[in-house]
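Number of protein chains: 2
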Amino acid sequence: MSQGTAKRGRSGGVSEARERLLGTATKIFYAEGIHSVGVDRIIAEAQVTRATLYRHFTGKEELVLAYLDVADRGIRSQVASAREGAGSPADEVRAVAAAIADGIRSPGFRGCAFLNAVAEYPDPAHPVHQAVLAHRQWFLETVTDLLAQAGHEPADEAGRHVVMLRDGAMAAGCLFDPELVCATFLRGVEGVLSRRAE
Amino acid sequence: MSQGTAKRGRSGGVSEARERLLGTATKIFYAEGIHSVGVDRIIAEAQVTRATLYRHFTGKEELVLAYLDVADRGIRSQVASAREGAGSPADEVRAVAAAIADGIRSPGFRGCAFLNAVAEYPDPAHPVHQAVLAHRQWFLETVTDLLAQAGHEPADEAGRHVVMLRDGAMAAGCLFDPELVCATFLRGVEGVLSRRAE
DNA sequence: AGCGAGGGAGAACGTTCGGTCTCCTTGCTA
DNA sequence: TAGCAAGGAGACCGAACGTTCTCCCTCGCT
């Protein structure tokens with residue numbers, strides 16, 4: 001059908017089939033988990049043949065890694081754009097928290113992609129597990145940095161507190177009433193923000 | 199070898215092979231996840247034959263349900279014994295939080311069995327998913343009850359706050375330094391306890 | 001003494017898994 | 001115009017999946 005464009009060899013950007021594959025994998029892995037979906041499901045839903053998958057990825061694991069990379073980029077850009085509109089470091093934290101709450105409230109929310117993934121890959125040596133750790137480290141450092149700029153001392157403790165609230169909110173967001181979860185989360189973050197020293 | 203005792207038909211309690219099976223399944227499911235381990239692994243490690251598994255359970259799913267039931271009973275008795283030694287409702291909350299922290303610090307801690315399980319069973323209609331919801335509902339009600347007795351108004355919000363901290367601590371406990379996670383968690387619970395009205 | 005349940009041993013079921021293979025067509029580019 | 005990469009279609013692989021089956025042995029009970 002409409003496959004006349006953008007299927008060039010090495011001149012243009014990424015191939016169309018690859019993007020369809022990665023997009024489908026991202027959607028299905030997030031919605032249904034990783035181990036419970038086979039490559040057959042993904043290639044069928046992406047309308048791609050088996051050979052095409054293995055032409056772009058070395059195997060399922062690389063597809064999983066690419067999925068987490070998509071999620072990572074998405075969250076980083078989401079955090080970046082949330083920070084842009086804020087006036088002060090404290091407001092940046094509020095904006096990031098609001099963005100998280102928006103995600104929890106949005107339809108199709110299935111929890112944190114990274115917490116879900118690490119539940120399926122408990123081995124710390126596994127590349128998927130390490131990708132999760134890397135993402136979490138970045139997020140903790142980002143929040144802690146913001147809190148330090150906002151004058152919190154020690155910022156480490158406050159940063160861990162905010163991340164703990166976020167983890168809890170993301171975990172419960174698809175198991176409880178999302179509205180209540182968001183209210184509790186935002187109130188908790190505001191509480192951390194309002195207590196400079198303990 | 200020592201299988202002379204306790205293998206009686208219907209007179210005594212549960213069979214020895216069944217307990218070995220359930221114990222092994224509990225250990226492996228918690229440590230490695232559910233979808234990624236097959237029944238072959240479990241029957242081999244439990245030193246039980248294939249037929250024995252299907253004599254006691256209708257299938258793998260029932261074994262998973264039994265595993266979650268073991269986890270549920272364990273946590274309920276852990277909470278009950280923590281509450282016994284406390285003098286006031288607020289101290290009961292502290293004791294429960296301390297018990298949770300002990301779990302996070304203990305070797306082999308792999309996060310919350312229920313949060314891990316629900317990550318692999320996203321379908322809300324699935325029995326495993328519903329077992330997780332039931333356990334979480336009990337825990338939330340228990341904590342909210344305790345906080346209400348301690349004089350919190352509204353206790354609902356405080357209960358959700360404590361559960362959110364617990365979820366975050368359980369999720370991060372096997373991804374960060376458990377000592378720091380516990381410190382942040384206990385401080386957070388103490389913070390909720392110290393603020394009767396917002 | 002004999003019945004029946006619990007369990008061990010293991011073959012076999014059909015399905016699905018992740019992964020590799022060949023053959024053919026399309027369309028760009030050198 | 002010839003070459004070549006991308007992609008489609010589909011056969012095929014060995015392994016693992018969950019499940020069912022038969023056969024036999026060993027107890028505890030009546």
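Chains as they are written, first to last, in our numbering: chain Y, 1 to 198; chain P, 199 to 396. Note that beta-carbon positions come from the ideal geometry of N, C-alpha and C, so glycine has one too. Here the structure is a predicted model, which means the values were calculated and not measured.
- Can you give me the start and stop residues for the alpha helix (DSSP H) that R364 of chain P sits inside? Along the second sequence, one-based indexing puts residue 364 of chain P at 166. Element bounds for R364 of chain P: 353–370.
- Message: Let me confirm a value: T144 of chain Y is counted as buried when at least 16 other C-beta atoms fall within 10 Å, else exposed. Which label applies?
- Response: Here residue 144 of chain Y refers to the residue found at position 144 of the first sequence. Classification for T144 of chain Y: buried.
- For the region 155–180 of chain Y, which residues have a CB atom closer than 9 Å to at least one CB atom of chain P, in sequence order? D156, E157, R160, H161, V163, M164, L165, R166, D167, G168, A169, M170, A171, A172, C174, L175, F176, L180
- Message: Counting only Cβ-Cβ distances shorter than 7 Å, please list the residues of the region 287–307 of chain P near chain Y, keeping chain order.
- Response: none
- Item | Chain-ordered neighbours of L384 of chain P on chain Y, where CB pairs are closer than 9 Å | As a working mapping, residue 384 of chain P is identified with position 186 in the second sequence. What L384 of chain P touches in chain Y: nothing, since even the nearest Cβ is about 11 Å away.
- Message: Quick check on R110 of chain Y: does DSSP put it in helix, strand or coil?
- Response: Start at 1 with the first residue of the first sequence, and residue 110 of chain Y comes out as number 110. Reduced to three states, the DSSP call for R110 of chain Y is coil.
- Message: Here's a check: name, in chain order, each residue in its chain whose Cβ is nearer than 7 Å to the Cβ of H135 of chain Y, leaving out the five neighbours to either side.
- Response: By one-based count along the first sequence, residue 135 of chain Y stands at place 135. Closer than 7 Å at Cβ, skipping near neighbours: D72, F114.
- Message: Tell me the DSSP secondary structure of H142 of chain Y in three-state form.
- Response: For this step, residue 142 of chain Y is matched to residue 142 along the first sequence. First, the residue type needs correcting, since residue 142 of chain Y is Thr and not His in the sequence shown. Helix.
- Query: Is A131 of chain Y close to chain P, meaning its C-beta is less than 7 Å from at least one C-beta of that chain?
  - Reply: Reading the first sequence from its first residue, position 131 is the one you call residue 131 of chain Y. So, not an interface residue.
- At a Cβ threshold of 7 Å, is P320 of chain P touching chain Y? Counting from one through the second sequence, the residue named residue 320 of chain P turns up at place 122. So, interface residue.
- Name the residues in the region 229–253 of chain P whose C-beta lies less than 7 Å from a C-beta of chain Y; which are they? A229, E230, G231, H233, S234
- Let me know if V212 of chain P comes out buried or exposed under the rule of 16 or more other beta-carbons within 10 Å of its beta-carbon. Numbered from 1 along the second sequence, position 14 holds the residue referred to as residue 212 of chain P. With fewer than 16 Cβ atoms within 10 Å of its Cβ, V212 of chain P is classed as exposed.
- Endpoints, alpha helix (DSSP H) assigned at R20 of chain Y: Walking along the first sequence from the start, residue 20 of chain Y turns up at place 20. From DSSP, the alpha helix (DSSP H) with R20 of chain Y extends over 16–32.
- Item | Residues near A288 of chain P by beta carbon distance below 6 Å, same chain, minus five either side | Within the second sequence, numbered from 1, the residue matching residue 288 of chain P stands at position 90. So the qualifying residues of the chain are A348, L391.
- Would you decide whether G283 of chain P is buried or exposed? Buried here means 16 or more other CB atoms lie within 10 Å of its CB. Reading the second sequence from its first residue, position 85 is the one you call residue 283 of chain P. Flag for G283 of chain P reads exposed.
- Message: Under 8 Å: do the region 300–312 of chain P and the region 93–105 of chain Y share three or more Cβ pairs, one atom per stretch?
- Response: no
- Message: Please return the same chain residues whose Cβ sits closer than 7 Å to the Cβ of A329 of chain P, not counting the five positions on each side in sequence.
- Response: The sequence position of residue 329 of chain P within the second sequence is 131, counting from 1. So the list reads L263, L266, once near-sequence residues are dropped.
- Using a beta-carbon distance below 7 Å, is A119 of chain Y in contact with chain P? Indexing the first sequence from 1 puts residue 119 of chain Y at position 119. It does; some Cβ of chain P falls within 7 Å.
- Query: How many angstroms separate the CA atom of A244 of chain P from the CA atom of R218 of chain P?
  - Reply: Residue numbering aside, residue 244 of chain P sits at position 46 when the second sequence is read from its first letter. Residue numbering aside, residue 218 of chain P sits at position 20 when the second sequence is read from its first letter. C-alpha separation (whole angstroms): 6 Å.
- Using only alpha-carbon positions, find the residue among P:I273, P:R292, P:V246, P:E259 that is nearest to L384 of chain P. For the purposes of this step, residue 384 of chain P is identified with residue 186 of the second sequence, where counting begins at 1. Taking only the C-alpha atoms, the option nearest L384 of chain P is P:R292.
- Let me know if A229 of chain P comes out buried or exposed under the rule of 16 or more other beta-carbons within 10 Å of its beta-carbon. Within the second sequence, numbered from 1, the residue matching residue 229 of chain P stands at position 31. It is exposed - the Cβ of A229 of chain P has fewer than 16 other Cβ atoms within 10 Å.
- Of all the CB atoms in chain P, is at least one closer than 7 Å to the CB of L115 of chain Y? Within the first sequence, residue 115 of chain Y is the residue found at index 115, counting from 1. Yes, contact with chain P.
- Item | Residue from P:L363, P:D365, P:R364, P:T340 with nearest C-alpha to A353 of chain P | On the second sequence, position 155 is the one that residue 353 of chain P refers to. Of the listed residues, the one whose Cα sits closest to A353 of chain P is P:T340.
- In chain order, what residues of the same chain lie with their CB nearer than 8 Å to the CB of E179 of chain Y, ignoring the 5 residues before and after it? Reading the first sequence from its first residue, position 179 is the one you call residue 179 of chain Y. R105.
- Item | Beta-carbon proximity check, H161 of chain Y vs R196 of chain Y, cutoff 7 Å | If you number the first sequence from 1, residue 161 of chain Y lands on position 161. If you number the first sequence from 1, residue 196 of chain Y lands on position 196. Contact: no.
- Pick out the complete beta strand (DSSP E) segments inside the region 220–291 of chain P, 3 residues or longer, and give them in chain order. none
- Query: For R41 of chain Y, which of Y:A25, Y:R55, Y:Y54 has the nearest alpha-carbon?
  - Reply: Sequence index remark: in the first sequence, residue 41 of chain Y carries index 41 (1-based). For the residues Y:A25, Y:R55, Y:Y54, the minimum Cα distance to R41 of chain Y belongs to Y:A25.
- Query: Of all the options P:G371, P:A315, P:L251, which has the alpha carbon lying nearest to the alpha carbon of G33 of chain Y?
  - Reply: On the first sequence, position 33 is the one that residue 33 of chain Y refers to. The residue with the shortest Cα to Cα distance from G33 of chain Y is P:A315.
- Count the other C-beta atoms from every protein chain shown that fall within 10 angstroms of the C-beta of A369 of chain P, then say buried if there are 16 or more, exposed otherwise. Residue numbering aside, residue 369 of chain P sits at position 171 when the second sequence is read from its first letter. Burial call: buried.
- With 16 other CB atoms within 10 Å as the buried threshold, where does G357 of chain P fall? Taking the second sequence and counting its residues from 1, one reaches residue 357 of chain P at position 159. Buried, since its Cβ has 16 or more Cβ neighbours within 10 Å.
- Item | Pick from Y:R166, Y:G188, Y:L133, Y:F176 that is closest to L466 of chain P, judged by C-alpha positions | Because residue 466 of chain P is not part of the residues shown, which for chain P are 199 to 396, the question remains open.
- Task: For I235 of chain P, I'd like the list of residues in its chain whose CB is within less than 6 Å of its CB, leaving aside the five on either flank, ordered along the chain.
- Result: Here residue 235 of chain P refers to the residue found at position 37 of the second sequence. Checking the sequence, you will find Val at residue 235 of chain P rather than Ile. Counting only Cβ-Cβ distances below 6 Å, and skipping sequence neighbours, we find I226.
- Message: Tell me which residues share the same chain as V163 of chain Y and place their Cβ nearer than 7 Å to its Cβ, disregarding the 5 neighbours each side in the sequence.
- Response: Residue mapping note: residue 163 of chain Y aligns to position 163 of the first sequence, counting from 1. So the list reads F139, L140, V143, once near-sequence residues are dropped.
- Which of helix, strand or coil does DSSP assign to R196 of chain Y? For the purposes of this step, residue 196 of chain Y is taken as the residue at position 196 of the first sequence. Reduced to three states, the DSSP call for R196 of chain Y is coil.
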